[in-house]
Amino acid sequence: DVHCGPKDRIGLISFADDVRYEFKTGPKDFESMQRTVNSMRTRGRTAFYSAVLEALGDLQVLGESEPSTPKWAIALTDGDDNMSRRDALGKCLPILSETENLNLALITVGDGIRSTTGYDQLIGACKSSRHKNNGILINAANSDQISEAFGKVAAAMNAGVAEHL
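Spelled out as structure tokens, the structure:
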């Protein structure tokens, strides 16, 4: 909650063999959100691109009504995707490149990532956008580095917001 302003909206999607909304994007109830996050457990494989596609779709819809508002999807994974729909990565790319003010931060954790090709494609779609969207890829090896990564993402988000004021 230290990085969230009064007008910010937050949603959380988890993924494994499936993709689940832990809470929908909307006003913040930090106590409820914290309980939800604390109760989350690993539960299967890694449908990473399907989860990113779901989040981007939600932000794309928000972008239609609020095109000038910066929107960020922040994705955290500790393994290679092995469960997404075959077309999920490909469907993410045009959303990232065509939606105004849609930004993506990917945080990979540990040694479970063998290939970053898909992640590089996602970040590249942001950076090649005519809207000059932001794309960030950070690798973290431990919990301290995860915390640092979220700090870097918050700084990038704040910098982007300042550009729009």
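Quick note: the sequence shown uses the working numbering, first residue 136, plus one each step. Glycine included, C-beta positions come from ideal geometry on N, C-alpha and C.
Supposed close pair residue i, residue j - CB separation, criterion 8 Å
i      : j      : result
Leu239 : Gly270 : 5 Å
Ala276 : Ser232 : The pair is not a contact, with the Cβ atoms about 31 Å apart (cut-off 8 Å).
Bounding residues of the beta strand (DSSP E) (the contiguous stretch that carries residue i)
i      : result
Gly270 : 270-275
Ala208 : 206-212
Thr243 : 237-244
Ser149 : 145-150
Arg249 : Where Arg249 is concerned, there is no enclosing beta strand (DSSP E), given that its DSSP letter is neither H nor E.
Under 8 Å between C-beta atoms of residue i and residue j
i      : j      : result
Thr293 : Asn268 : Note that residue 293 is Asn in the sequence shown here, rather than Thr. No, Cβ-Cβ distance for Asn293 and Asn268 is not below 8 Å.
Arg178 : Ala151 : yes
Thr252 : Asn217 : no
Met175 : Ser149 : yes
Nonlocal neighbours in the same chain, by C-beta distance under 6 Å from residue i, ignoring five residues either side
i      : result
Gly312 : Outside the modelled stretch of the chain, which goes from 136 to 300, sits residue 312, for which no answer is possible.
Leu241 : Ala210, Tyr254, Leu272
Glu166 : none
Ala223 : Tyr184, Ser185, Leu188
Ile258 : Gly270, Leu272
Contacts around residue i, its chain only, beta-carbon distance under 8 Å, and the 5 residues preceding and following it disregarded
i      : result
Pro162 : Arg144
Thr171 : Leu147, Glu157, Phe158
Lys206 : Leu194, Leu197, Gly198, Thr234, Asn236, Leu237, Asn238
Pro202 : Glu235, Asn236
Leu300 : Residue confidence is low: Leu300 scores 34 on pLDDT, short of 50, so the model does not pin down where it sits. Its coordinate-derived value is still stated next. Nothing meets the Cβ criterion.
Residue i - containing alpha helix (DSSP H), residue span
i      : result
Asn217 : Element bounds for Asn217: n/a, residue is neither H nor E.
Ser264 : Neither: Ser264 is in no alpha helix (DSSP H) and is coded neither H nor E.
Gly198 : 183-200
Thr171 : 165-174
Residues near residue i by beta carbon distance below 7 Å, same chain, minus five either side
i      : result
Ser278 : none
Val154 : Ile148, Ala182, Ser185, Ala186, Glu189
Gln256 : Leu224, Leu228
Asn274 : Thr243
Thr204 : Asn236
Gly140 : none
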